[in-house]
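Trainee: In my numbering, the protein residues as written are 18 to 538. We put the beta carbon where it would ideally sit given N, CA and C, even for glycine. One structure, pasted below without further comment.
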Ligand code: KIV
Ligand code: ZN
């Protein structure tokens, strides 16, 4: 039987305290509910004494959450513990988490005390909290830089005082994995009552070591990991929940450990936290980044098609994603092109792979990424990238503002040489413009994703708009680049409309071919 590692999530405390704008009550509750569905054992949801708002939100979450222990942070002073108790005691399973700094620099320069006074404050706080709650955790802030003799002394004293969990934070993300594992090992070897408490770790990511340090600690006996969704938190953030959980799951045979996390909820929770916290996820972020399950190299794509184990140690399905993705680029090989065409319904005897592949490479060199609809177009048009676009923008005027202004767009487009002119209103300038374009092209489009980025810096930056739209159940991509972001948005939609137009031509051509084949039979 594997040993269970407790997952203590602090997205709503350490994570939230690092956001540029606080979350609303409703947003915090949505995240807390998602964490409950994810199966976190403990969720730390705030620092009740810090503000009236924090107190209220901790209490509200404590009322709603039934399947995870709800925890609140408190400095090692009575008024903090009182506030935490008052906020949390509305639920059955709650934990009071007291902390005090223990490293020399914090003790002397921040707290202006000596270490004896720190131990006394910690012991008094834990005893006081234990009178109010059966479940008390104590943290030695900056434990990673605390002299080991001091650390052993305060850990022993606070376990004696009644702490059930002792947390060893690497508050400034300073330690290296072998060093941090060594600290945990020494605690197990030197603290006589260590078996009376669970040892927890809380690693920050300043040197990018948070996940490695947490794993090094569990390898030495720690059985609680404090972490946050997407690794958000102070400065470079905390240990990422998704990384540490999937590492424990994926390397279970080596570690012989498990967590209670429902891993298929990971992607959903990560997306929710990213959106509500307005913290985008880096595309190459382990487990939850947009590229975490997408293969670009031709050699990798070929390997994955033969056996996914060649380049996938974690399956996308195991974290709640539907499937991996293969980026069709100039590095892609013939195997993936044949495979994609087969998935799109083209049998290998209906086209000449050498010819299609040659044209695919030419197009990929020009476009970068090639999408399914481009690939289909290759089958039907030999000179795709020279093909004139059906739609182009001739004139655009948008009116928008605050107050009673109704956002309105007027557009003139060319469609195969003809002029199309129209205007519409919307709930914003982009909406008004897109409604006008839908009407002028006659396409019943649904906008699925709109993203805007600055390309370059300062006043000269270009706005790059990328959109994903759906039309007749198929997905199309559009990109627009201009110094004016409204114009870039229009160009992105027109780009997508041109792709739709080409795919309509292909559909028509396909039906003609099958009608002719039927007539011949
Ligand atoms: O990083 C840290 O030391 C903390 C403690 C309050 C646990 O967040
Ligand atoms: Zn922290």
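1. Can you tell me the Cα-Cα spacing of residue 251 and residue 109, whole angstroms?
2. Which stretch, first to last residue, makes up the beta strand (DSSP E) that contains residue 89?
3. Report the start-end ranges of each alpha helix (DSSP H) in the stretch 145 to 214 that is 4 residues or longer and not cut off at the edges.
4. Under a Cβ-count criterion, where at least 16 other Cβ atoms within 10 Å of its own Cβ denotes burial, should residue 412 be classed as buried or exposed?
5. Under 8 Å by Cβ, that's how I've got residue 217 and residue 239 pegged, so tell me the actual separation to the nearest angstrom.
6. For a minimum of 4 consecutive residues, which ranges assigned as the alpha helix (DSSP H) are wholly contained in the stretch 348 to 386?
7. With respect to the alpha helix (DSSP H) encompassing residue 425, which residues constitute its N-terminal and C-terminal limits?
8. So residue 284 packs on residue 246, CB below 8 Å; how close in whole Å?
9. Grouping DSSP H, G and I as helix and E and B as strand, with all else coil, what is residue 25?
10. Please give the ranges of any alpha helix (DSSP H) in the stretch 279 to 331, keeping only runs that are unbroken, at least 4 residues long and fully inside the region.
11. Mind checking whether residue 30 and residue 61 have CB atoms under 9 Å apart?
12. Drop a sphere of 10 angstroms on the beta-carbon of residue 385, count the other beta-carbons inside from all chains shown, and report buried for 16 or more, exposed for fewer.
13. Beta-carbon within less than 7 Å of residue 439's beta-carbon, same chain only, minus the 5 sequence neighbours each way: which residues are those?
14. Grab me the residues of residue 443's own chain with a C-beta within less than 6 Å of its C-beta, minus the 5 sequence neighbours each way, in chain order.
15. Who are the Cβ neighbours of residue 111 in its own chain at under 8 Å, not counting the five residues just before and after it?
16. For residue 185 and residue 471, what's the separation of their Cα atoms in angstroms?
17. Confirm the yes/no value for this check: CB of residue 317, any heavy atom of the ligand ZN, distance under 8 Å.
18. On the DSSP bridge list, what partners appear for residue 481?
19. Let me know the secondary structure DSSP gives residue 112 once reduced to three states.
20. Is the Cβ-Cβ distance between residue 181 and residue 121 less than 9 Å?
21. Would you check if the stretch 283 to 297 and the stretch 65 to 84 touch, i.e. whether three or more CB-CB distances between them fall below 8 Å?
22. Assign residue 205 to buried or exposed, taking buried as 16 or more other Cβ atoms, counted over all protein chains shown, within 10 Å of its Cβ.
Mentor: Taking the coordinates as given:
1. Per the coordinates, the alpha-carbon of residue 251 lies some 30 Å from the alpha-carbon of residue 109.
2. It spans 86 to 92 - the beta strand (DSSP E) in which residue 89 sits, taken as one unbroken run.
3. 165 to 178 and 194 to 207
4. Exposed, since its Cβ has fewer than 16 Cβ neighbours within 10 Å.
5. 6 Å
6. 351 to 360 and 370 to 384
7. Counting along the chain, residue 425 falls outside any alpha helix (DSSP H), though it belongs to the beta strand (DSSP E) covering 425 to 432.
8. Residue 284 to residue 246, Cβ: 11 Å. No contact.
9. strand
10. 283 to 294 and 315 to 323
11. yes
12. Residue 385 is exposed by the Cβ-count criterion.
13. 428, 453, 456 and 457
14. For residue 443, where only same-chain residues beyond five positions count, the Cβ hits under 6 Å are 424, 449 and 452.
15. Sequence-distant Cβ neighbours of residue 111 in its own chain, meaning closer than 8 Å and more than five residues away, are 79, 86, 87, 88, 89, 105, 150 and 152.
16. Cα-Cα distance, rounded: 41 Å.
17. no
18. 470 and 498
19. strand
20. no
21. no
22. exposed
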